[in-house]
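Same order as they appear, the protein sequences are chains A and B.
Heads up: the first sequence runs through residues 0 to 184, numbered per numbering that gives the first Met the number 0.
Heads up: the second sequence runs through residues 0 to 374, numbered per numbering that gives the first Met the number 0.
Note that beta-carbon positions come from the ideal geometry of N, C-alpha and C, so glycine has one too.
Since we're looking at a predicted model, the values are computed, not measured.
Written out below as structure tokens is the structure these notes cover.
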Amino acid sequence: MGMKEELGEDFPGRIIPAGNGGNIVVTSLDAIVNWGRSNSLWPLYFGTSCCAIEMMQTGAAKHDWARFGMEVARPTPRQADVIVIAGTIVNKMAPVLRRLYDQMAEPKYVVAMGACAISGGPFFYNSYSVVKGADHVIPVDVYIPGCPPRPEALLDGMILLQKKIRGTNNKSKVNPIDGFDEGKS
Amino acid sequence: MKTEELIINPQGKTEEYFINMGPQHPATHGVLRLLLTLDGEIVRKVDADLGYIHRSIEKMTEFDTYRQIVHLTDRMDYLSAHMNNEAVCLAVEKGLQIEVSDRVKVIRTIMTELTRLSSHQLWWGVIGMDTGALTTFMYAFRDREMINDIFEETCGARLTMNYFVPGGLMWDIHPNFQKRVKDFIKHFKTKLPEYDTLLSDNVIFRKRTEGIGILSKEDAISFGVTGPGARASGVRCDLRKKHPYSAYDRVEFKEILGTKGDTFERYRVRILEMWESMHIIEQLIDNIPEGEILEKTKAVIKLPKGEFYQRVETARGEFGANIISDGKKSPYRMKFRSPGFSNLSVIDHLAKGWKVADLVAIMATFDFVIPDIDR
Chain A
0 MGMKEELGED
10 FPGRIIPAGN
20 GGNIVVTSLD
30 AIVNWGRSNS
40 LWPLYFGTSC
50 CAIEMMQTGA
60 AKHDWARFGM
70 EVARPTPRQA
80 DVIVIAGTIV
90 NKMAPVLRRL
100 YDQMAEPKYV
110 VAMGACAISG
120 GPFFYNSYSV
130 VKGADHVIPV
140 DVYIPGCPPR
150 PEALLDGMIL
160 LQKKIRGTNN
170 KSKVNPIDGF
180 DEGKS
Chain B
0 MKTEELIINP
10 QGKTEEYFIN
20 MGPQHPATHG
30 VLRLLLTLDG
40 EIVRKVDADL
50 GYIHRSIEKM
60 TEFDTYRQIV
70 HLTDRMDYLS
80 AHMNNEAVCL
90 AVEKGLQIEV
100 SDRVKVIRTI
110 MTELTRLSSH
120 QLWWGVIGMD
130 TGALTTFMYA
140 FRDREMINDI
150 FEETCGARLT
160 MNYFVPGGLM
170 WDIHPNFQKR
180 VKDFIKHFKT
190 KLPEYDTLLS
200 DNVIFRKRTE
210 GIGILSKEDA
220 ISFGVTGPGA
230 RASGVRCDLR
240 KKHPYSAYDR
250 VEFKEILGTK
260 GDTFERYRVR
270 ILEMWESMHI
280 IEQLIDNIPE
290 GEILEKTKAV
300 IKLPKGEFYQ
310 RVETARGEFG
320 ANIISDGKKS
330 PYRMKFRSPG
340 FSNLSVIDHL
350 AKGWKVADLV
360 AIMATFDFVI
370 PDIDR
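Written out as structure tokens, the structure is:
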């Protein structure tokens, strides 16, 4: 505002601050924080059906997602960073999923693994009890297609999530659940 | 009321209270919710609340053709995917009155036994985790990955194979199949004794399982328990022996029976079943007969009016598929009898009087797959 007064009221343009609004200290801090967050993603033990087996397979000897810092699977949402929705969400389970998500501490991320979590998958037609996509319940960051996806696909999805986290601007970051129920995010 | 009065009941009696186990709990193997009535740490009553993964599969079958129904069944008990597919295929073949070739029968038997092995391997890894040993998980999944590779090569998928179709198989086996299976059997024969040294002879594991959750033969029959859980109590319920289907009548194998019916006995039966499965595969893998892979059926199968039932032995018990047909391309009603549902009913009876940690061990030996219970 002060700049505008200096230039005078008749200045025709709009002043855009340089960069992304942060200075060199903030952006460097962002890089460090994001690096730390992306390399220690603790997933929640959340498997409802078949995809859970492939998720276990990814955590086990051959595929070993510990290489990317994701091995500390937590049974309680209060200690988890990312929730991998491995399996179908049905109407009875949807409030539970929402409660688990709400109990997680920020920053929190969601990965929809498999066709069921994306859109209902094989249970899209003629089923009276399946939620047609977990993104009706909670905001999803990464979608991994497959029925069930291979462990390599899950690893790829988790690496994509890491990339997304590394590009986050923590100053202007908004909580993805804000306005979600009103259809705004 | 003062705080002391709240904690110590003046009559010296303890009070029962409720606790929720699940639906989000690592020891319930999925989204099962158990309402426990506890007295201190002692379980007084277990109420199961189902439906957290009810996907209306039985209703969906009424809109699908018989070929499409098969793909829904491997999402029910995904660890015994081949067996579930087989039950539906055999029921449809019964209705069409077609007999598949010997080649199909033998390949189906090898595939189902491989599935049983991979299911028991996963169970062994998970029972270790439930009783507090994470190492078993890594060992079991190392060996399971070899079976998954075999399935992937022939069926094109690792978990939900959908390889059996009414009338035969989707396609022929991969040229590498026999070699790969033989390699796996050779490998696993050296690894299965390792399982024993790691867990079966472990003192802590023995103390947590021996003499706990004893199921008598009479109770096993009256609760409708099937599979290794019932065989550990001495019930002869192996359908592969009693009502042989596919190629089980031409192989020699023992029906593993236990006597004590406690948690460790159920564990032991499953370990010995793995040896028998390998024995069955060894007898069949070298002499797969030549023959047709797929019997000729109409593009859209229509069953005659009537009721067709077929049951098979999955890794956790008796699975049945009942088709009621009214002569159209989809069934009028289809009912699945899943082993997990009946096995779950006995948990309340078994866990009474034991501690919560024992309940986890008892549940682990029945090896529940929750989508199989809820369907």
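message: Please state the DSSP three-state secondary structure of Lys-206 (chain B).
response: In the three-state reduction of the DSSP assignment, Lys-206 (chain B) falls in the helix class.
query: How would you write the range of the beta strand (DSSP E) that Ile-312 (chain B) sits in, first residue to last?
result: The sequence given here places Glu at residue 312 (chain B); Ile does not occur at that position. Counting along the chain, the beta strand (DSSP E) containing Glu-312 (chain B) begins and ends at 305-313.
field: Leu-256 (chain B) versus Ser-276 (chain B): straight-line alpha-carbon distance, rounded
entry: Taking the straight line from one Cα to the other gives about 15 angstroms.
message: For Gly-260 (chain B), tell me which candidate among B:Glu-85, B:Val-180, B:Leu-168, B:Ile-211 has the shortest Cα-Cα distance.
response: Of the candidates B:Glu-85, B:Val-180, B:Leu-168, B:Ile-211, the one whose C-alpha sits nearest the C-alpha of Gly-260 (chain B) is B:Ile-211.
message: So that I know if they touch, is there some Cβ in chain A lying closer than 7 angstroms to that of Val-30 (chain B)?
response: Under the 7 angstroms criterion on CB atoms, Val-30 (chain B) is classed as interfacial with respect to chain A.
query: Just curious, the alpha helix (DSSP H) that Asn-19 (chain B) is in, first and last residue?
result: Unbroken run through Asn-19 (chain B) is the beta strand (DSSP E), 16-20; no alpha helix (DSSP H).
message: Check whether chain A comes within 7 angstroms of Glu-283 (chain B), counting only Cβ atoms and requiring the distance to be less than that.
response: For the record, residue 283 (chain B) in the displayed sequence is Leu; it is not Glu. For Leu-283 (chain B), the answer is no, since every Cβ of chain A falls outside 7 angstroms of its Cβ.
message: Against chain A, with Cβ distances strictly below 7 angstroms, would Tyr-194 (chain B) count as a contact?
response: Not one chain A Cβ lies under 7 angstroms of Tyr-194 (chain B).
query: Count the other CB atoms within 10 Å of the CB of Asp-9 (chain A); is the residue buried (16 or more) or exposed (fewer)?
result: So Asp-9 (chain A) ends up on the exposed side.
- request: Compare the C-beta of Leu-113 (chain B) with all C-beta atoms of chain A and state if any pair is closer than 7 angstroms.
  value: No, its Cβ sits nowhere closer than 7 angstroms to a Cβ of chain A.
message: So, for Ile-322 (chain B): in the same chain, excluding its five sequence neighbours on each side, which residues have a beta-carbon less than 6 angstroms away from its beta-carbon?
response: Counting only Cβ-Cβ distances below 6 angstroms, and skipping sequence neighbours, we find Ala-90, Phe-307, Pro-330, Met-333.
Interface partners of Ser-376 (chain B) on chain A, CB under 9 angstroms: Outside the modelled stretch of chain B, which goes from 0 to 374, sits residue 376 (chain B), for which no answer is possible.
- request: List the endpoints of the continuous alpha helix (DSSP H) containing Asn-147 (chain B).
  value: Membership of Asn-147 (chain B) in the alpha helix (DSSP H) is indicated by the continuous run 134-154.
query: Going along chain B, which residues have a C-beta under 8 angstroms from Met-46 (chain A)?
result: Strictly speaking, residue 46 (chain A) in this sequence is Gly, with Met absent from that position. Correct list: Gly-29.
- request: With a floor of 4 residues, list each alpha helix (DSSP H) that falls wholly inside the segment 312-368 of chain B, ordered by position along the chain.
  value: Every unbroken stretch of the alpha helix (DSSP H) spanning 4 or more residues and falling wholly within the segment 312-368 of chain B is given here in chain order: 338-344, 346-350, 355-365.
message: At the 7 angstroms Cβ level, is Gly-141 (chain B) part of the contact set with chain A, yes or no?
response: For the sequence presented, residue 141 (chain B) should be read as Arg rather than Gly. Closer than 7 angstroms: yes.
message: Once DSSP output is grouped into helix, strand and coil, what is the label at Lys-185 (chain B)?
response: DSSP places Lys-185 (chain B) in helix when its eight states are reduced to three.
message: Let me make sure I understand the geometry here. Which of B:Glu-281, B:Tyr-51, B:Asn-84 has the alpha-carbon closest to that of Tyr-65 (chain B)?
response: Considering only alpha carbons, the answer is B:Asn-84.
message: Pairs of beta-carbons, one from the segment 62-69 of chain A and one from the segment 148-159 of chain A, closer than 8 angstroms: are there three or more?
response: Under the Cβ criterion (8 angstroms, minimum of three pairs), the segment 62-69 of chain A counts as touching the segment 148-159 of chain A.
task: Report yes or no: do three or more beta-carbon pairs, one from the segment 226-242 of chain B and one from the segment 296-312 of chain B, lie closer than 8 angstroms?
output: Yes, the segment 226-242 of chain B touches the segment 296-312 of chain B.
query: Using the C-alpha atoms, what's the distance from Phe-335 (chain B) back to Ala-360 (chain B)?
result: About 27 angstroms.
- prompt: Since Asp-48 (chain B) sits in a beta bridge, which residues does DSSP pair it with?
  reply: Bridge partners of Asp-48 (chain B) according to DSSP: B:Arg-32.
- prompt: Do we get a CB-CB distance below 7 angstroms when we pair Ala-79 (chain A) with the residues of chain B?
  reply: Cβ-Cβ to chain B under 7 angstroms: no for Ala-79 (chain A).
- request: Take His-278 (chain B) as the anchor and find which of B:Thr-159, B:Val-250, B:Ile-292, B:Gly-127 has the nearest alpha-carbon.
  value: The shortest C-alpha separation from His-278 (chain B) is found at B:Val-250.
task: Can you tell me which of the three DSSP states Val-105 (chain B) falls into?
output: In this structure, Val-105 (chain B) counts as helix in the three-state DSSP scheme.
field: Element boundaries [alpha helix (DSSP H), containing Tyr-266 (chain B)]
entry: Where Tyr-266 (chain B) is concerned, the enclosing alpha helix (DSSP H) stretches over 262-284.
message: Can you look up Met-110 (chain B) in the DSSP assignment and give me helix, strand or coil?
response: Looking at Met-110 (chain B) - three-state DSSP - the assignment turns out to be helix.
- prompt: By a C-beta neighbour count over all protein chains shown, 10 Å radius and 16 as the cutoff for buried, is Ile-143 (chain A) buried or exposed?
  reply: Under this definition Ile-143 (chain A) is a buried residue.
message: Could you tell me the alpha carbon to alpha carbon distance between Ser-27 (chain A) and Lys-170 (chain A), rounded to whole angstroms?
response: The straight-line gap from Cα to Cα measures roughly 12 angstroms.
message: Could you check whether Asp-373 (chain B) and Gly-50 (chain B) sit closer than 7 angstroms to each other, using their CB atoms as the reference points?
response: By the CB criterion at 7 angstroms, Gly-50 (chain B) and Asp-373 (chain B) fall inside the cutoff.
field: Length of the line joining the Cα atoms of Tyr-127 (chain A) and Arg-54 (chain B)
entry: Approximately 8 angstroms between the Cα atoms of the pair.
query: For Asn-168 (chain A), which of A:Ala-60, A:Ala-30, A:Val-83, A:Asp-101 has the nearest alpha-carbon?
result: If we check each option's Cα against that of Asn-168 (chain A), A:Ala-30 comes out closest.
message: Beta carbons nearer than 8 angstroms to chain B: which residues of the segment 146-158 of chain A have them?
response: Cβ contacts with chain B come from Cys-146, Pro-147, Arg-149.
- prompt: Mind checking Met-0 (chain A): buried by the 16 CB within 10 Å criterion, or exposed?
  reply: Residue placement at Met-0 (chain A) cannot be trusted, given a pLDDT of 47 that sits under 50; what the coordinates show is reported in the next sentence. That one is exposed.
task: Could you tell me if Asn-161 (chain B) is buried or exposed, where buried requires 16 or more neighbouring beta carbons within 10 angstroms of its beta carbon?
output: Taking all protein chains in view, the Cβ of Asn-161 (chain B) is crowded by 16 or more other Cβ atoms within 10 Å, so the residue is classified as buried.
query: Val-224 (chain B) lies in the beta strand (DSSP E); which residues open and close that run?
result: It is not in any beta strand (DSSP E) - Val-224 (chain B) carries neither H nor E in the DSSP assignment.
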